[in-house]
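Asker: In my numbering, the protein residues as written are 404 to 502. Glycine is no exception: its CB is placed at the ideal position from the N, C-alpha and C atoms. Bear in mind the structure is a predicted one, so any value in this text is a computation, not a measurement. Before anything else, here's the structure in question.
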């Protein structure tokens with residue numbers, strides 16, 4: 404849970420995504436792969452997710468807002484992409500800790 408928003412823990416095998424709301428929303432993201440940084444990243448507001456579960460069951464659901472952001476962020480890792488690759492305004496990159 405982050406920001407008081409619960410996102411169900413889900414294993415997605417070979418996910419595919421269909422953007423249902425083309426409006427991109429910019430919000431803050433960070434990642435354990437790049438510790439101590441955060442930046443504003445544009446993401447689709449609403450996506451349909453199709454994948455297999457860890458048991459091979461077909462999953463088909465809609466993720467919106469923060470849930471969509473989490474699913475898209477994590478799926479980027481499958482393609483070797485990190486959130487910093489998607490930042491449009493590099494001036495938004497911030498340290499998240501004081502040194």
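Would you say the region 480 to 491 touches the region 436 to 444, given that touching needs at least three Cβ pairs under 8 angstroms?
Answerer: Yes, they touch.
Asker: Quick one: grab the DSSP three-state call for residue 457.
Answerer: Coil, per DSSP.
Asker: Using C-beta distances below 7 angstroms, list every residue in its chain close to residue 446, excluding the 5 sequence neighbours before and after it, in chain order.
Answerer: Excluding positions up to five away in sequence, the list reads 427, 428, 471, 472, 475.
Asker: Can you give me the C-alpha to C-alpha distance between residue 412 and residue 451, rounded to a whole angstrom?
Answerer: Their backbone Cα atoms lie some 17 angstroms apart in a straight line.
Asker: On the premise that residue 492 lies in contact with residue 443, defined as a C-beta separation below 8 angstroms, what is that separation, rounded to the nearest angstrom?
Answerer: The Cβ separation is near 7 angstroms, so the contact holds.
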